[in-house]
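In my numbering, the protein residues as written are 1099 to 1364.
So this is what it looks like as structure tokens:
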């Protein structure tokens, strides 16, 4: 006898793996059809009774033993028992007899270890729902049917891991790629007015710093980045001298030359 294991996606039915249909936006899965199919594949689901009797005969006890074993292996299954009679006798008597038969089956299951928590309903159908349409004595009508239903909790799939964080490389300006104008050009800037010169140098230094810190440039290693860094440094050096009343020709030349190159790159 195969167990129908509780699972969100795979149900073992009579030895075969069956994919459970997904219910959108639900936390539980109705597996009643699969459970009933498994029960019917492993044991008869009907026990029969002698005329006007509610006791379980040895041959029917063997069937209920099989049902008990299946239920013990499938604790998610909820049991529904329905008692029936044939059409001989009054409705009232047959309703009572059918209920006694259903209760007898329930007690047998309990005596064989089935949990009361698994019992969902025990009902009498009396002489209604005849298996064989006749008003005479008919064994096939004197029966208790066992059916099962069940739900299982769906296990949500874990969320996908977040994408790896790729750190932005931290770069600093180096003079590995010194612009060609270093110490080789003459400035066109007016140097007579140190205050005005300082203002121009500061403006060019700030423009180079903005280029150097531009997110579109950050993370690259091209000459534009190095030129911006070089210009910022050279203009800063020249500006520092002017604040002391000194015109450092080399740094002024380098600031002028490199800032012009930087501006030409757009």
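Using N, Cα and C, we set each Cβ at its ideal position, and we do this for glycine too.
All of these numbers come straight from a predicted model, not from anything done at the bench.
N-terminal and C-terminal residue of the beta strand (DSSP E) that residue i is part of
i: residue 1180; result: 1176-1181
i: residue 1242; result: 1241-1247
i: residue 1203; result: Here residue 1203 belongs to no beta strand (DSSP E); instead the alpha helix (DSSP H) covers 1189-1209.
Beta-carbon contacts of residue i that lie in its chain and below 6 angstroms, excluding the five residues immediately before and after
i: residue 1104; result: Because the pLDDT at residue 1104 is just 41, under 50, the model does not fix this residue reliably, and the point stays unresolved.
i: residue 1237; result: 1146
i: residue 1170; result: 1211
i: residue 1125; result: 1252
i: residue 1158; result: 1145
i: residue 1273; result: Confidence is the limiting factor: at residue 1273 the pLDDT is only 48, short of 50, which leaves the residue's position unreliable and the question unanswerable from this model.
i: residue 1229; result: 1238, 1239
Closest residue to residue i among the options (Cα-Cα distance)
i: residue 1047; options: 1210, 1131, 1149, 1148; result: Outside the shown range of the chain (1099 to 1364) lies residue 1047, about which nothing can therefore be said.
i: residue 1234; options: 1149, 1218, 1263, 1241; result: 1149
i: residue 1160; options: 1144, 1172, 1171; result: 1144
i: residue 1338; options: 1326, 1298, 1312; result: 1298
i: residue 1363; options: 1154, 1290, 1306, 1343; result: 1306
i: residue 1224; options: 1196, 1243, 1201; result: 1196
i: residue 1154; options: 1132, 1185, 1202, 1126; result: 1202
i: residue 1348; options: 1360, 1334, 1359, 1361; result: 1334
i: residue 1288; options: 1129, 1261, 1350, 1194; result: 1350
i: residue 1220; options: 1200, 1170, 1263; result: 1200
i: residue 1302; options: 1178, 1336, 1171; result: 1336
i: residue 1178; options: 1345, 1308, 1204; result: 1204
i: residue 1290; options: 1312, 1261, 1346, 1262; result: 1346
C-beta contact flag for residue i and residue j at 8 angstroms
i: residue 1198; j: residue 1152; result: yes
i: residue 1206; j: residue 1137; result: no
i: residue 1310; j: residue 1330; result: yes
i: residue 1187; j: residue 1222; result: no
i: residue 1296; j: residue 1342; result: no
i: residue 1127; j: residue 1252; result: yes
i: residue 1304; j: residue 1332; result: no
i: residue 1243; j: residue 1185; result: no
For residue i, the first and last residue of its enclosing alpha helix (DSSP H)
i: residue 1231; result: No alpha helix (DSSP H) holds residue 1231; DSSP gives it neither H nor E.
i: residue 1128; result: Not the alpha helix (DSSP H): residue 1128 falls in the beta strand (DSSP E), residues 1126-1128.
i: residue 1219; result: That residue, residue 1219, is in no alpha helix (DSSP H); its beta strand (DSSP E) goes 1217-1222.
i: residue 1295; result: 1292-1310
i: residue 1348; result: 1347-1362
Nonlocal neighbours in the same chain, by C-beta distance under 7 angstroms from residue i, ignoring five residues either side
i: residue 1134; result: 1245, 1246
i: residue 1141; result: 1161, 1164, 1165, 1168
i: residue 1325; result: 1277, 1356, 1359, 1360
i: residue 1183; result: 1192, 1195, 1196, 1224, 1225, 1239, 1240
i: residue 1344; result: none
Residues near residue i in its chain [Cβ-Cβ closer than 8 angstroms; skip 5 each side]
i: residue 1213; result: 1173
i: residue 1176; result: 1216, 1217, 1218, 1246, 1247, 1248
i: residue 1123; result: Note that residue 1123 scores 41 on pLDDT, short of 50, meaning its location in the model is unreliable; the coordinates nonetheless yield the value given after this. The answer is none, since no qualifying residue turns up.
Practice task
Taking only runs that begin and end inside the stretch 1131-1180, name each unbroken alpha helix (DSSP H) of 4 or more residues, in chain order.
Solution key: Counting only runs that start and end inside the stretch 1131-1180, the alpha helix (DSSP H) elements of at least 4 residues fall at 1156-1171.
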